[in-house]
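For what it's worth, the working numbering labels the leading residue of the sequence shown as 18, then goes sequentially.
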Amino acid sequence: MDHQRHQLRMTVLMTPDMANFSGNVHGGTILKLLDQVAYACAARYAGSYVVTLSVDQVTFRQPIHVGELVTFLASVNFTGKSSMEVGIKVIAENIQSQVVRHAQSCFFTMVAVGEDRKPTAVPPLTPNTPDEVRRFKAAQLRRSLRQELEQKFKAIQAGEITGE
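Right under this line is the structure:
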């Protein structure tokens, strides 16, 4: 598999129709673009249709302004049997001043599905660089924490855990 097949870069100009009432780009607009980027990155890697399972740690670090170029840097960080974690870093660039800043980061869990719309296997990801290894290990930890949290919520719903 092509070494860069697990990464995707997309740049979009923020236009006035994307603004909220305060004149910044609406968070929902950014979330929609993030979902599209996560889809494109995961689908290209898996070679199949994918669906969004979850979105973690969406952090709007700084507002994004109309007229800025926004670059989405996406990477498949980890793969399970049919799932993939896609990390996305959002970079905003003021075209006039050329100031570039890290505006947002988040993690999407995407699941590959076959023609029958059931989960299908994805190629295992093998991290090659120190940065990819770091992302892979961090993604493993996030996955483990999500699973632990889900088990605790199920236990609460089943009445197994009461106020502590």
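Heads up, the beta-carbon is just placed ideally off N, CA and C, and yes, glycines get one too.
Pull the bridge partners of residue i from the DSSP assignment, please.
i    : result
V93  : V103
A155 : Looking at the DSSP assignment, A155 forms no beta bridge with any residue, so it has no partner.
R118 : A109
Q24  : S92
Measure the Cβ-Cβ separation of residue i and residue j and say whether it is below 7 Å.
i    : j   : result
M31  : V72 : no
E55  : I81 : Before going on, a small fix: residue 55 reads as Ala here, not Glu. No.
M35  : V42 : yes
I108 : T88 : yes
F153 : F95 : yes
L166 : V93 : no
R26  : Q79 : no
Within a Cβ cutoff of 6 Å, which residues of the same chain sit near residue i, ignoring the five residues on either side of it in sequence?
i    : result
I178 : A172
S39  : none
K106 : L90 and S122
Which of the three DSSP states is assigned to residue i in this structure?
i    : result
F170 : helix
M18  : In this predicted model, M18 has a pLDDT of only 43, less than 50, meaning its place in the structure is not dependable enough to derive any value.
D34  : helix
S161 : helix
T76  : strand
Report all residues from its chain with a CB closer than 7 Å to the CB of residue i; omit the five preceding and five following residues, and keep chain order.
i    : result
M18  : Here M18 scores only 43 on pLDDT, less than 50, and its place in the model should not be relied on; the value that follows carries that caveat. Correct list, in chain order: P140.
T137 : S65, S99, A129, V130 and G131
N111 : E85
Practice problem: Count the C-beta pairs between the region 57-64 and the region 93-108 that are closer than 8 Å, then say yes if the count reaches three, no if not. | Solution: A contact exists between the region 57-64 and the region 93-108.
Practice problem: Mind the definition here: the region 133-142 touches the region 160-172 only if three or more C-beta pairs lie below 8 Å; say whether that holds. | Solution: No, because fewer than three Cβ pairs between the region 133-142 and the region 160-172 fall closer than 8 Å, the two stretches do not touch.
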